[in-house]
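Residue numbers for the sequence shown, in this note's numbering: -3 to 246. Note that the Cβ used here is the ideal one computed from N, Cα and C, for glycine as well. Structure first, then comments.
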Amino acid sequence: TIFAGGLLLLVVGGPIAMFMAWLTEWLNGMTGAGVLVLGAILGLMMGSDLGGPINKVAYTFAAAGLGAATAANTAPQEVMAAVMAAGMVPPLAMALASTVAKRYFTVAEQENGKAAWLLGLSFISEGAIPFAAADPLRVLLSTMAGGATAGALSMAFGVTLAAPHGGVWVLPVIGNPLLFLLAVVAGTVVTAVLVIALKHVGGVHGKVADSSNPRAGLPRMVLVLPTHFRVRFTAIANTFRSMRKRNAFI
């Protein structure tokens, strides 16, 4: 662990720090102009890695700027509102998608979707990680699109936020709270619709159905056996499947 941590710090840490510094400077240069583009970029960053380094650059950029906000200069608060709106979208969208289109999600993902409602409302983007881990390309493309939508709309509406975190629990300190919620809802719907469409095009429905069916892959002759023999054979077959998957993973 010490060796791996030292290697990460000495070899990988430097380039990552340089990239983050460059990215932060670039974002600072966009503050005065192109606010819609800035909101979309920040939203796209918030949805790109769900709590990873790119997400953290966008959040740190917004939170650090709050100290410079004044009554005459609300731009930092508008940036913070855009970042939080975009960061709430991924878990809320996965919760919505796994609720309205269950056939595209496994039972485990549907259970994760129930918890994702609260995580999304609390501005915890990591609530969408289980979905991204299972299907990274479709999920991340969708969360980036929805995050960009929410961020751009929040900036267009002129929503402000004086708190660095909190989700819906800090609505009292959000300027134009109804428009803030509208931006979040719009981004959530865009992400949910897009991820469902991508899963449909990719034929995920059939794969999920097969993985959820304990009788999938059993020989035809087994399916005509008496019930008590079929149940016993199915249990044995599933046990061997689990062992084979575990050995393959190891």
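Is the CB-CB distance between Ala128 and Gly116 below 9 Å?
Position 132 of the sequence shown, counted from the first residue, corresponds to residue 128. Position 120 of the sequence shown, counted from the first residue, corresponds to residue 116. Not a contact, by the Cβ cut-off of 9 Å.
Taking only the alpha-carbon atoms, compute the straight-line gap between Ala68 and Leu32 and give it to the nearest angstrom.
Along the sequence shown, one-based indexing puts residue 68 at 72. Along the sequence shown, one-based indexing puts residue 32 at 36. Cα to Cα, the separation comes out at about 20 Å.
Can you say whether Lys195 is buried or exposed, counting buried as having 16 or more other CB atoms within 10 angstroms of its CB?
Along the sequence shown, read from residue 1 onward, the residue named residue 195 stands at position 199. When all chains shown are included, Lys195 counts as buried.
Could you give the DSSP three-state label for Val218: helix, strand or coil?
If you number the sequence shown from 1, residue 218 lands on position 222. Reliability of the predicted coordinates at Val218 is poor, the pLDDT of 43 falling under 50, and no value is obtained from them.
Checking the sheet assignment: what are the DSSP bridge partners for Ile170?
Position 174 of the sequence shown, counted from the first residue, corresponds to residue 170. Ile170 pairs with Leu157.
For Gly43, which option in Ile170, Leu175, Val197, Phe119 has the closest C-alpha, if you only look at C-alpha atoms?
For the purposes of this step, residue 43 is identified with residue 47 of the sequence shown, where counting begins at 1. The shortest C-alpha separation from Gly43 is found at Phe119.
Between the C-alpha atoms of Phe101 and Met140, what's the straight-line distance to the nearest angstrom?
For the purposes of this step, residue 101 is identified with residue 105 of the sequence shown, where counting begins at 1. For the purposes of this step, residue 140 is identified with residue 144 of the sequence shown, where counting begins at 1. Distance between the alpha carbons of Phe101 and Met140: 20 Å.
Hey, how far is the Cα of Leu149 from the Cα of Leu133?
In the sequence shown, counting from the first residue as 1, residue 149 sits at position 153. In the sequence shown, counting from the first residue as 1, residue 133 sits at position 137. The straight-line gap from Cα to Cα measures roughly 25 Å.
If you reduce the DSSP assignment to three classes, tell me which class Ile120 lands in.
Locating residue 120 in the sequence shown gives position 124, where the first residue counts as 1. Residue state, collapsed to three classes: coil.
Cβ atoms of Pro86 and Leu46: under 9 Å apart, would you say?
The residue you call residue 46 lines up with position 50 of the sequence shown. The residue you call residue 86 lines up with position 90 of the sequence shown. Yes.
Please classify Ala71: does DSSP put it in a helix, a strand, or coil?
Here residue 71 is taken as the residue at index 75 of the sequence shown, counted from 1. Ala71 falls in the helix class under three-state DSSP.
Just to confirm my understanding: we take Ala64, look at its own chain, exclude 5 residues before and 5 after, and list those with CB closer than 6 Å. What are they?
Position 68 of the sequence shown holds residue 64. If we look at Ala64 and ignore the five residues flanking it on each side, its Cβ neighbours are Pro72.
Give me the residue from Val189, Thr70, Met76 with the minimum Cα distance to Lys52.
Within the sequence shown, the letter at position 56 stands for residue 52. It is Met76.
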